[in-house]
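Here's the structure we're looking at; comments come further down.
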Amino acid sequence: MTNFGSKLFSALAAGGLSLVAAQAQAQGKVVLGSTSSTTMSALNERILPAFEKASSIEVKNVAGASAHHLARLQAQQGNQELDVVMLDDAIMAQAVSLGFCADLPKAFLDTFVPEAVIGGQAVGFGLNAIGLAYNPKVFEQKPWSAPTSWNDLARPEFKNRIAVATISNGYGLATLAMLAKANGGSEDNIEPGIAAMKKVAPNVVAFVDSTSKIPELFQTGEIALTVWNNNRVKLLADTGLPIEFVFPKEGALAGVSYLCIVKGSKNPENARKLIEVMTGTEAQKLYATAFAGGPTLKGLTVDDPSGLIVDTARLRTLVELDAKKVQANREEWARRWAREVER
Amino acid sequence: MSLSRAQAWPLLMCVPAVALFAVFFLLPLALVMMLSAYSFKAGVGIVPDLSWANYAAVIFDGYYQQLFFNTLFIGVTTALVTLLLGMPEAYVLYRMRSPWRTIFLLVILGPLLISLVVRTLGWLILLGNQGVLNSALMAAGVTEDPIRFLYSAPAIVIGLTHVLLPFMVIPIWTSLQKQKSSVVHAAFSLGASRRQVFFRIILPTALPGILSGTMVVFSLAASAFATPAILGGRRFKVVSTAVYDEFMSTLNWPLGATIALFLLIISLGSLMLYNRLIERRIQRWA
């Protein structure tokens, strides 16, 4: 894009948000783009207030879906509003390859397990597993046997009782990729995944853009099964909702939640400080108790009364996706998903 | 060439509107057109090469043809349904005496005072699988399993009709007011049938209102975003939600811009055609 064009675009797209940016340019501020409600309470109630107090840096937290943060980074290229951004694996890999993230010091990255670092730019603050989440109460009433396999999503008795995220969302992507793998496919051969999703589609009451709708769908009994991660299930289960997480027999998908400093950040120094605190030992211990977040710092171990935490040892038993291949095929998968699955 | 004062005034008065349109409509539109000629490469981003590739992709892909068909279908159906509901409503309003007229005018405008999203979410609650309508049907034993109302064309048409009805009623009512109701009485006293009164007096009077009402409703329905996004979900897609997807999810802005331009061209084209057809009819009746 021409420089002039991109500037105009960013000016138009940024809209009211540029006001926020202008404010944050002032001394002692940092703008964080955070995702999902998993980290919401841990961040807003504990980590960010403590950080603000200790550093006298004001944090402006902009919550939104990963994909939308990425869109915002593209829209505001050259005049970034966000200083630090939190994204799910696939989306962070995309952000890194599109050049939206700034380099992090090597000495800092070396304190993390290698599974939780993308390039020299993005660092993971928590490990998770993407698998199946179901409502044991509904399953008992029916009675249905508990799900054990990715292919259980296609069981005919679940008609209209499942929610699956759409393909632009990390969970949708995971569903497709894991169904492919469970049926003899791979990142290079998505055909079995599409075929399996076509069988799942009649069960899907709604393809959701964002999994923020899932708790409500569970609460009202509209759905009894979905694809989700252990962090979200732990959080919801702790609120008293009947929900249980299953590591499918073909393997759950390894997931990492990432942070990076936005390239062109107006507050790089504050951004670095914030990332250090958000990935620090104290914070990671809190993530473990609050939502069973698996630690990413080398040598850090946490208690696991829920049995849900994915630590580095357990991470190796999970299925990992080849981020490069996913990146290369993502658009084609989205094309086929929109045409063949969501109908 | 110098303009006399009388000539200069109208031009000067146009300046604010023209400036507003230039900055907030023409300039963005030009940018969108420019963007539509670029291409998008996964992992690289937007590449400023000029080509017709996006246009070809939209024209020859059955998927997008379906989206445009869906969109026009929603636009036309919503316009027809609001016309069928709005015409009698406007006539009743026209025949009402004050204070009833004022009260009912407020009732008709009422929905516009509530946020669009709230109204649409209301339909979500009514039409959902565990929603009011399905619960009632199941309690009455009409059906055992919930019927899927949501995520379909009828759900969107219902939602849009509810939202857009005032835009049909108000212009028709305004048009009708041009005719004194004594003309209708005169027609009856001279032996005209109800049919004749409707087709010879009421309909021609209402026609300009019907024209502007259907045009406004069609264009708002064809370009609506929130209602199709909420009530159509991801299963029944229209052009505006596809544009949103390309911009916000796939990040393929050039393709999104191309689709948006096609929507503009198609709606504009159908409106102009429709306008000509009706204008001719109005002139003939006048």
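Protein chains in written order, with the numbering used here: chain A, 8 to 350; chain B, 53 to 338.
Every residue gets a Cβ at the ideal spot worked out from N, C-alpha and C, and that includes glycine.
Nothing here was measured: the structure is a model prediction, and the numbers come from that model.
**Request:** Scan the stretch 208-225 of chain A for residues whose Cβ lies nearer than 7 Å to a Cβ of chain B and list them as they occur along the chain.
**Result:** Of all residues in the stretch 208-225 of chain A, 212, 213 and 214 have a Cβ within less than 7 Å of some Cβ in chain B.
**Request:** Count the C-beta pairs between the stretch 178-191 of chain B and the stretch 233-244 of chain B that are closer than 8 Å, then say yes if the count reaches three, no if not.
**Result:** no
**Prompt:** For residue 274/A, does the three-state DSSP call read helix, strand or coil?
**Reply:** Secondary structure of residue 274/A (DSSP, three-state): coil.
**Message:** Here's the rule: buried if 16 or more other CB atoms are within 10 angstroms of the residue's CB, otherwise exposed. What is residue 80/B?
**Reply:** exposed
**Listed by chain order, chain B residues near residue 338/A by CB distance under 7 Å** = 94 and 302
**Request:** Return helix, strand or coil for residue 170/B, following the three-state DSSP convention.
**Result:** helix
**Message:** My assumption, with CB atoms under 8 Å, is that residue 111/A sits in contact with residue 130/A. Please give the rounded CB distance.
**Reply:** Contact holds; Cβ gap of about 6 Å.
**Asked** Cα-Cα, which of 235/A, 315/A, 139/A and 245/A is closest to residue 217/A?
**Response** Shortest Cα-Cα distance from residue 217/A to any of 235/A, 315/A, 139/A and 245/A involves 235/A.
**Prompt:** Which residue or residues does DSSP assign as beta-bridge partners of residue 108/A?
**Reply:** Beta-bridge pairing links residue 108/A to 269/A.
**Item:** Check whether residue 176/B and residue 282/B have beta carbons under 8 Å apart
**Value:** yes
**Prompt:** Is there at least one Cβ from chain D nearer than 8 Å to residue 127/B's Cβ?
**Reply:** The chain labelled as chain D is not found among the protein chains of the depicted structure, namely A and B.
**Asked** Is the stretch 111-122 of chain B close to the stretch 288-297 of chain B, with three or more CB pairs under 8 Å?
**Response** yes
**Message:** For residue 408/A, would you say it is in contact with chain B, using Cβ-to-Cβ distances shorter than 8 Å as the test?
**Reply:** Any property of residue 408/A remains undetermined from this structure, which presents chain A solely from 8 to 350.
**Asked** Below 8 Å between beta carbons: does that hold for residue 260/A and residue 160/A?
**Response** no
**Prompt:** Exposed or buried, which one is residue 337/A when buried takes at least 16 other CB atoms within 10 Å?
**Reply:** Buried, because 16 or more other Cβ atoms sit within 10 Å of the Cβ of residue 337/A.
**Message:** Using the Cβ count rule (16 or more neighbours within 10 Å means buried), how would you classify residue 104/B?
**Reply:** exposed
**Item:** Candidates 115/A, 57/A, 82/A and 122/A: closest to residue 320/A by CA position
**Value:** In terms of Cα proximity to residue 320/A, the closest of 115/A, 57/A, 82/A and 122/A is 122/A.
**Span separating the alpha-carbon of residue 86/A from that of residue 42/A** = 21 Å
**Message:** Quick check: the Cα distance between residue 203/A and residue 231/A, rounded to an integer number of angstroms?
**Reply:** 19 Å
**Request:** Measuring only between beta-carbons, confirm whether residue 7/B sits less than 8 Å from chain A.
**Result:** The structure shown has nothing for residue 7/B, since chain B only spans 53 to 338.
**Prompt:** Taking only beta-carbon atoms, is residue 181/B less than 8 Å away from chain A?
**Reply:** yes
**Request:** Below 7 Å CB to CB, which residues in the same chain sit around residue 102/B once its five sequence neighbours on both sides are set aside?
**Result:** 89
**Request:** Using a Cβ cut-off of 8 Å (strictly closer), state whether residue 285/B contacts chain A.
**Result:** Answer yes: the Cβ-Cβ gap between residue 285/B and chain A drops below 8 Å somewhere.
**Request:** Please go through the same chain and pick out, in chain order, the residues whose beta-carbon is closer than 6 Å to the beta-carbon of residue 215/A, but skip the five residues on each side of it.
**Result:** 170 and 172
**Message:** For residue 247/A, report the span of its beta strand (DSSP E) as first-last.
**Reply:** Where residue 247/A is concerned, there is no enclosing beta strand (DSSP E), given that its DSSP letter is neither H nor E.
**Asked** By Cβ distance below 6 Å, which residues in the same chain neighbour residue 285/B in space, the five residues on each side in sequence not counted?
**Response** The answer, listed in chain order, is 203.
**Request:** For the beta strand (DSSP E) holding residue 206/A, just list the boundary residues, first then last.
**Result:** Here residue 206/A belongs to no beta strand (DSSP E); instead the alpha helix (DSSP H) covers 198-207.
**Item:** For residue 148/B, the three-state DSSP class (helix, strand or coil)
**Value:** coil
**Message:** List, in chain order, every chain A residue whose beta-carbon is nearer than 9 Å to that of residue 116/B.
**Reply:** Simply none; closest approach about 10 Å.
**Item:** Chain-ordered chain A contacts of residue 299/B [CB-CB under 7 Å]
**Value:** 78
**Prompt:** Beta-carbon separation of residue 145/A and residue 90/A under 8 Å?
**Reply:** no
**Neighbourhood of residue 69/A by C-beta distance below 6 Å, restricted to the same chain and skipping five residues each side** = Around residue 69/A, the same chain offers 40 as residues with beta carbons nearer than 6 Å, after the five sequence neighbours per side are excluded.
**Message:** Assess contact between the stretch 264-273 of chain A and the stretch 240-251 of chain A, defined as three or more Cβ pairs (one per stretch) separated by less than 8 Å. Is contact present?
**Reply:** Taking 8 Å as the limit for Cβ pairs, the verdict is that the stretch 240-251 of chain A does not touch the stretch 264-273 of chain A.
**Asked** Where does residue 309/A sit, in a helix, a strand or coil, going by DSSP?
**Response** Coil, per DSSP.
**Prompt:** Is the CB-CB distance between residue 200/A and residue 186/A below 8 Å?
**Reply:** yes
**Request:** Give me the Cα-Cα distance between residue 192/A and residue 253/A, rounded to the nearest whole angstrom.
**Result:** One C-alpha to the other measures close to 22 Å.
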